[in-house]
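What follows is one structure encoded as structure tokens, with my remarks underneath.
Residue numbers (our numbering), protein chains in the order written: chain A, 1 to 186; chain B, 1001 to 1984; chain C, 2001 to 2416; chain D, 3001 to 3095.
Structure representation (structure tokens):
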């Protein structure tokens, strides 16, 4: 395997962790991502192949489904984002292309995104000061695409808190926005 | 002697004393005080000067509608001009200074304006200052500007930060007075998600200022108890110090929470204020009412204030504006002030009630059927003159006068979607009209329901009603017993007289001004406002509009509603600009996008430049280079001489897949793509539907059904959007899927004769990238550095043998370092956007300066690329006559006749020997650079009939900078015009 | 009555009894030579110039509500002629020259104040295009100066030079640009027209046109039918609505633009500043309020009000440019309806209906154009020929492919 | 403003990019004899009513759907929101 050393979206060799009051903001680069979009008139086939591959049904609008190896969330009409451990599935796209054949277009998205996991008692307050999503009504397993500091982000609610996926090139600005919001509410 | 006018009781905490200064003098107050209440308690009535006549002024109100008591709060960079003392919570160390007065508040030189008032009537400035013309900017206007205005800014950067936040609720209740609290109780108990916003620091609203009980407890106690229940319930969010400033579409409200304004300065990391955007399904406006004054001569002296305000100062803040006080009223509510003052031991010198049958007041002399017609006292009220029912006048000495002309419901927010209020003759006031913002209901005094009992039951009823429409069942709570005085008001607007009687106190608009406006035919309400500046002050006319309308109505013989209404505009009260801006200011104005090699470039000392939201390396100075040109020239020569690397990640990249991907690109691009073989790249030009070129880039065919399209950096978002439009709206049955992958791949241009040799050191041996196996415009998916997936494109922007290589972004930094390392033997250098620009100009490639949104393929010399054999966006309208004239602009190269002269972008082209003016303009220079290869400046430009004018000498004129250069028209391809270097 | 300092003195000493109405409220006559539809700035200016510079015919201005209530009553008061394109610059320069003599011409102080309009540049490409524009201005007989960052700093040291996301690299300055008291412009033209016999008829809504055999005969109004030889429509904001009653579809969309004013401040900003990296322009009125605005709300609207995102966008830009304004309070916002045309440039043209003329499509630049728009429209109405500075403002220019697209955005009205 | 997205429910209009008149879906036939005039009218002479308006919005900061929104330009009231793709197909657009 290549000896080129990866860096995190924030430019570090290791992921950054910030603790502000009771809040933690964790940079989480350990995910391989690939989008899956059903080809025209191949919806059923794509759904079936995806299920075989993922081990679960592709989730409904606004939802995330989590399996043992993969997770997936809805990103648009007939489109999903599939995630897996980067260490184990760096070539996720290749795996999926084999599984989905011509039923879906699969695109590598791993490094299109940076991901920050936000946890702590005031996490709701932090998210509330960051985006317009109706966060207090969101349940674990729900996902919205929203705008944080002028950038389009996925906001995922899980049991432990929130994950924010934003465009990788703006990772520094997004991180700054989350950290300053954390200081406001912590 | 301190706090001479402090009374007993009140909602202040006497266990702490707060020190503060006003105009440098020390005073004391207590927690719970406002700046105004504390100053009054200290015997200070004079707090400001008026706008035009610089008249001495004290507080008229006790709330956010205050027009007079405006001060500079804080100092240094935190100086806040025009701060209303009436809503400034006192804190220890508070520092305030008066404004609009020089040399001091007591002796203000510009008070001379008051003596000249007969000349400074409404709109006088429209009639003079016209001669001589030059005097306006030089003399008249500077004097006017210095005299005008109120407070001053510090000119220092605001050191505080502001947040934004977003809230969602079933029901937003605006105002936590009796109506709002009972609505919140009702909705809270029904389980609805409720937000209760209150501009004051505590709930209660008018209850805090009144003495009449709610059942067996004081209003303030009841309000606290309700607050306790609401907060404990969990589904109600009580937001004190939060003003709802605007009602926007579809139930969205803006609200400002003053998080830190009651503190000397915000805690570290905490915002000064938060702008909340509240998404509500329903809203109840329970914003109360504002009392209105009665105009009479010299009714603006410090000490003259609204009766309800004086009652609030006495009851809530235990502060009286003076020891001897009089009352002027036309209604029973005013008598409450009299009773409360007397109860607090303040000497009530007189009750002047315009009603002949006015009720008696125990403990004060009543003058029924009388009017206050004048006042005296230079810096504060000393006496009033009243006209008795029998016409006699009498002077009564008093240090303060409470005035009540009735109450105006706070309809402000009901007008934000251009709804007009309706006239309610019963209370002689405007009440909310029928056209309320969708989802809004109004309750309590804001609706014209002026009794406490009415507010309580009205609030509960409104909540039941609002929740019912959401399918939530609620029932009104048991409400306490409260006063239920019926209000029937016979309006009394102003006492007749010849002296000036103020309507708009801040802007110095008097009854006389309204008369003059009428005389000059400024009769429409909007004309009246604009001509006299009535209602343009910071209270938006809350205390003045209705009074002025009444005067105009008298003059025209119409009723007030016939005379017209004015509507209010957001915000409800003035809002700091910083609050609207939030965190997106300074360096964080927009997100900063960094390229994968950013850190590496930083280590190399690169100079960065903004490209849209991206930061890109502009050039990489080396030790000893003192001018940017040295670095750029070196980068160009080194690249053309051996090899250079440039981070081109910023170019938009869009993944296009599907059985119809090629057909789709055929429609998107002006030129054809169906026949492009797999493993090949093609340049593509995109047109807007109007036939003008707007973007260019390449499309690489990685598989039959898979392309990667590149766009320019600035248009990445737009192209992606337009492609989605084409896919979803124009050709919805094409099998094509799109995904933006700009960020996912780090992409580097490797250019120069040694570029292949360098790449061969990192491309894994399994992949043959020799000229034969991987010719010009080839592309493919490969691996590098022992197995890392990568994409390689043999394309060139510089005109050299060149490639672009892409790897997953997380490896971008390492790849750049690796290429620098293995390229050392070729003296590889990194080059920035400046060298990139020089080389593309040398090669004659159009870029943003040429694709400026007005140029067509024809202008760019690519007219033949626009296929006439297929449908594509823009091809039809590109055929319009005006875009295909004989003398259409054509892209040309330009070089200075004297090679030592610079070519300057933005110069215009004129014929040699011809006149230099717009009528003889031949074109303009779009891009220019010094070409280190050619040893002189070069330029690209658009020239009329440019294609046929090679060799012609033109004048490149730049009168803006006083420069003119003779230039020769040449081919735009300065370097390697045949493209031989690309193919080796 | 002629206005002067002497007159003010005299009136002050005699109780201001001598001031008469600044314009009459006449009863509409059954017919006129010219009917101008729209009593905004452009309509009033048209009537004024028709009466003072061209035909001496019988002229009426018909206004739906109160005069000056259109965009002349709700703008950010900027006057300038810093245009790039040949179709525009001569016209706006003509307008600026009319501004310069306006007050003496009208005997009305509209507070035309040439305090300079500065367009900031933040990138090299912007500087190149500013240079091209500045040169175009000079070649058209206007004035322009290119400032570097130090030149900008000398004028406005409090701009954000230290901590800017998009650093200021310079600016294009037009010293002759500035501001004018917008309402007074409408009133001054109204008074001037009225004094020359023009009937200004308020509360008179035009509801349709009477057209026969391709020729206009007059207008139907809320106050009855009024016949006219020539009808000029100048109702920017409502252009599509009004011209639809004549069966015309226009290359115009109506959009809302919000504008803002702060509380009154002592002198803070002397001229007009426009940000080049965001949507923000600002000046200070003689009363002391900062007057500022930004981009339109982006969607079609006749609602005369906007929403929060556009407000926040303006303030983000404003505070990023001038951090010292952070604590200055916004006092009031308002919204006007803009005729956004397909290339961002206006129309002053005949229509296919004989005797019916159209003036509109001013996007959000109509205020500065008021004098020239009125003059050129009057010229067209009186002579049937386009004024030499307004030849490009034709309704058929999209059909011919002769767009005047300053911003290079194409047929997307909300981007102009 | 809030746009009630047919798939996602109510979303702040700030997440969307506005284009304009929904008739922009009805792109003319490039082969027609009067194609230039047809394209001119299609592109430039758009509906601009004071009242109900059918218009295109793009959920750029969301699921990237183009929507046809029916909105009153006087009151901003929105009465219907459809996926533009569905509308396009209904109007006969295909490949």
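Glycine residues also receive a C-beta, built at the ideal position from the N, C-alpha and C atoms.
Keep in mind that this is a model prediction, so the values were computed, not measured.
Does the stretch 1230 to 1238 of chain B come close enough to the stretch 141 to 159 of chain A to have 3 or more Cβ pairs within less than 8 Å?
Short answer: they don't touch.
Give me the Cα-Cα distance between residue 1314(B) and residue 1046(B), rounded to the nearest whole angstrom.
18 Å
Simplified DSSP assignment, three categories, for residue 1382(B):
coil
Going along the chain, which residues of the stretch 115 to 137 of chain A sit with their C-beta nearer than 8 Å to a C-beta in chain D?
132
How should residue 1215(B) be labelled, buried or exposed, when 16 other C-beta atoms within 10 angstroms of its C-beta is the threshold for buried?
exposed
By alpha-carbon positions, which one of 1870(B), 1458(B), 1030(B) ends up nearest to residue 3029(D)?
Checked all of 1870(B), 1458(B), 1030(B); the closest Cα to residue 3029(D) is 1870(B).
Which residues DSSP lists as bridging residue 1742(B), in chain order
Paired residues: none, contrary to the question.
Per DSSP, which one or two residues make a beta bridge with residue 2269(C)?
Looking at the DSSP output, residue 2269(C) sits in no beta bridge, so it has no partner there.
Is it the case that the stretch 1317 to 1336 of chain B contacts the stretch 1388 to 1408 of chain B, given that we only count it when at least three CB pairs across the two stretches are under 8 Å?
yes
Own chain partners of residue 109(A) with C-beta closer than 8 Å, once the 5 adjacent residues on each side are dropped
Excluding sequence neighbours, residue 109(A) sits near 33, 34, 35, 81.
Using 8 Å as the cut-off, can you tell me whether the stretch 2299 to 2307 of chain C makes contact with the stretch 1411 to 1419 of chain B, which would need three or more C-beta pairs spanning the two stretches below that distance?
yes
Determine the chain A residues that contact residue 1584(B) at a beta-carbon separation under 8 Å, and present them in chain order.
149, 150
Residue 130(A): which of 1162(B), 1305(B), 1487(B), 1707(B) sits nearest, CA to CA?
1162(B)
Can you check whether the C-beta of residue 2251(C) is within less than 8 Å of a C-beta belonging to chain D?
Residue 2251(C) has a beta carbon lying within less than 8 Å of a beta carbon in chain D.
Compare the C-alpha of residue 2486(C) against each of 2353(C), 2255(C), 2350(C), 2386(C) and name the closest.
This structure leaves residue 2486(C) out entirely; chain C is present only between 2001 and 2416.
Check the Cβ of residue 1125(B) against every Cβ in chain C and list those closer than 9 Å, keeping chain order.
2109, 2111, 2181, 2184, 2286
Evaluate residue 1653(B) with the Cβ neighbour count: other Cβ atoms within 10 Å of its Cβ, from every protein chain shown; 16 or more gives buried, anything less gives exposed.
buried
Are the C-beta of residue 1465(B) and some C-beta of chain A separated by less than 8 Å?
It does not; no Cβ of chain A falls within 8 Å.
Pop quiz: residue 1414(B) and residue 1440(B) are said to be a contact at Cβ under 8 Å. What is the actual Cβ separation, rounded to whole angstroms?
7 Å between Cβ atoms; contact.
Shorter than 8 Å from the beta carbon of residue 2128(C) to some beta carbon of chain B?
yes
The stretch 168 to 179 of chain A in contact with the stretch 1589 to 1596 of chain B per 3-pair CB rule at 8 Å
yes
Selection from 1335(B), 1298(B), 1340(B), 1332(B) that minimises the alpha carbon distance to residue 1317(B)
1340(B)
So with CB distances below 8 Å, who are the chain A contacts of residue 3012(D)?
132
Applying a beta-carbon distance threshold of less than 9 Å, which residues of chain D neighbour residue 75(A)?
Residues of chain D passing the Cβ test: 3063, 3064.
Is there contact between the stretch 112 to 120 of chain A and the stretch 131 to 140 of chain A, where contact requires at least three CB pairs shorter than 8 Å?
no
Assign residue 61(A) to one of two classes, buried (16 or more other C-beta atoms within 10 Å of its C-beta) or exposed (fewer than that).
exposed
Among residues of its own chain, excluding the 5 on either side of residue 1834(B), which ones have a beta-carbon nearer than 6 Å to its beta-carbon?
1618, 1619, 1632
Residue 3008(D): contacting residues in chain A (beta-carbon distance under 9 Å):
61, 62, 144, 145
Any non-hydrogen atom of the ligand SAH closer than 7 Å to residue 1938(B) Cβ:
With respect to small molecules bound, the structure shown includes none, and the ligand SAH cannot be examined in it.
Starting from residue 1095(B), follow the beta strand (DSSP E) in both directions and report where the run begins and ends.
Its beta strand (DSSP E) spans residues 1094 to 1098.
State buried or exposed for residue 2300(C), treating a residue as buried only when at least 16 other CB atoms are found within 10 Å of its CB.
buried
Let me check understanding here. Comparing Cα to Cα, which of 1656(B), 1266(B), 1701(B), 1695(B) lies closest to residue 1675(B)?
1701(B)
Residue-chain proximity (residue 1683(B), chain A), Cβ-Cβ < 8 Å
no
According to DSSP, simplified to helix, strand and coil, what is residue 1717(B)?
helix
From the beta carbon of residue 3040(D), is the nearest beta carbon of chain B less than 8 Å away?
yes
Which two residues bound the contiguous alpha helix (DSSP H) that contains residue 2084(C)?
Careful: residue 2084(C) lies outside any alpha helix (DSSP H) and carries neither H nor E.
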